[in-house]
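First up is the structure itself, then whatever we jot down about it.
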Amino acid sequence: MKIIERFWLAFCFFLLYAPILFLAVYSFNSGDAMQGFAGFSWVHYQELWQDTRLLQIVLNTLILALTSSLIATAIGTIGALAIYRTERRLLKQTLLGLNNVLLVSPDVIIGAAFLILMTALGLKLGFLTVLLAHVAFSIPIVVLMVLPKLQEMNRDLVLAASDLGAKPTEVLTKVTLPVIAPGIFAGFFMALTYSLDDFAVTFFVTGNGFSTLAVEVYSRARQGVSLEINALSTIMLALAFVLVLGYYAYSQKTTSRKATKLKEKVK
C-alpha cells in the first residue's frame, strides 16, 4: 500500500513540475521554438536583458504587487480585528460571508464588475484602477490569514495589559500585533502571490498603456510564445525557489531557538 501511495505522490509531483522543468530547459535552447533542442545557449537571456519594454512591465508588476499587498494587508488586518471584536454572532457571520464573496466568485465576474464600477466612477483605466482592483480582491485573503491567529490568541494577555495600565494603542501595538504577526506576514505574502499571478481581473481594468506581466505574456502568446518568456520565467522560478529555501531555513532556525530556550527554562 505504501508503494502505491509513494508512486501516486511521485506521479502527482511529476505532473506538477514536468512542464516547469520543460520550460526552464528550453530557455537555454539556441533555437527559437520548443520543438527540438538545438543546443545550449544564453541568447534568450541576452534578448531578455535588451527588451526594455518587458523589463519595464516586470518592474510595474512588482511595484503594483508590493503596493497593493501592503495596502490590502493594512486594511485586511483592521478588518480582521473588527470582525474578531464583533460580539453579535449574526453580524459576525454576515461580515465573514461578505468577506468570502470575492474569494468564491469567478475572476471574470469580478473583473467585469470592477470594470463597470470604474467606468461609472469616471476613472481612466490604468495603474490606479488595477491597483484598486488588486487591493479589493486581496483584502479577503488577508482577513482569512489574520483571523485564525486572533482566535488562537489568549485574551488574558489583552486583559492583563489593560489592567496594568496600557492604553488601547499600546495593547494593540505591543500585545495584539506581535502575537498575530505570523498571520499578517502570511496574508501579505498570499496577497503578493495573488497580485503577481492575477490575469483575468487585471485584463478587464488595465489600460492607458499600463500592463502587467500576466497580460503581456497573454498578448505575446497570441503571436507565438518567444523563448524570451521562458528565460524570464526561469529567473522568476529561481528567485521563488531561493525565497522558499530562505524562509524554510529561517523557520527552522526560529523553531530550534524556541526549543533551546524551552529546554533551558525546564532545566
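Take the sequence shown: its letter number 153 is residue 153 in full-length UniProt numbering, and every next letter is one higher.
In this text, a Cβ means the ideal position worked out from N, Cα and C, and glycines have one as well.
Everything numeric in this text was worked out from a predicted model, so none of it was measured.
- Annotation for Gly111: Ala133, Ala200, Val201, Thr202, Phe203, Phe204, Val205 place their beta carbon closer than 8 angstroms to its own, counting only its chain and skipping 5 residues before and after.
- The C-beta of Ser195 has 16 or more other C-beta atoms within 10 Å across all chains shown, which makes the residue buried.
- Between the alpha carbons of Thr173 and Ala161 lies a distance of about 11 angstroms.
- Only residues of its own chain outside the window of five on either side were considered, and among them Thr61, Thr202 have a CB closer than 6 angstroms to the CB of Thr212, listed in chain order.
- By alpha-carbon distance to Pro148, the top candidate from Lys2, Leu81, Glu5, Ser30 is Leu81.
- Judged by DSSP secondary structure, Val205 falls within the alpha helix (DSSP H) whose first and last residues are 200-205.
- Non-local C-beta neighbours of Gly165 in its own chain, meaning closer than 6 angstroms and more than five positions away in sequence, are absent.
- Boundaries of the alpha helix (DSSP H) around Glu170: 168-171.
- Taking 9 angstroms as the cut-off, the beta carbon of His44 is found closer than this to the beta carbon of Phe28.
- Residues of the same chain with a CB within less than 8 angstroms of the CB of Ala38, apart from the 5 flanking positions on each side, are Asn29, Ser30, Gly31 in chain order.
- The C-beta separation of Glu216 from Ile57 comes to about 5 angstroms, placing the pair in contact by the 8 angstroms criterion.
- In this structure the region 67-79 does not lie against the region 102-118, because fewer than three pairs of beta carbons, one per stretch, are closer than 8 angstroms.
- Taking the Cβ atoms as the reference, Ala214 lies roughly 7 angstroms from Asp197, within the contact range of under 8 angstroms.
- When the alpha-carbon of Ile20 is set against those of Thr254, Val242, Ala231, the nearest one is in Ala231.
- Taking all protein chains in view, the Cβ of Pro140 is crowded by 16 or more other Cβ atoms within 10 Å, so the residue is classified as buried.
- Just measuring C-alpha positions, the residue of Gly246, Trp49, Thr67 sitting nearest Val135 is Thr67.
- DSSP places Leu157 inside the alpha helix (DSSP H), whose first and last residues are 155-163.
- Relative to the Cα of Leu237, the nearest Cα in the group Val146, Gly126, Thr193 belongs to Thr193.
- Linking Tyr17 to Ala24 through their CA atoms gives a straight-line distance of about 11 angstroms.
- The beta carbon of Met34 sits closer than 6 angstroms to the beta carbons of Tyr26 from its chain, once the five residues preceding and following it are set aside; these are given in chain order.
- Under the three-state reduction of DSSP output, Phe241 falls in the helix class.
- Sequence-distant Cβ neighbours of Phe210 in its own chain, meaning closer than 6 angstroms and more than five residues away, are Gly126, Phe127.
- The Cβ-Cβ distance between Asn99 and Gly79 falls below 9 angstroms.
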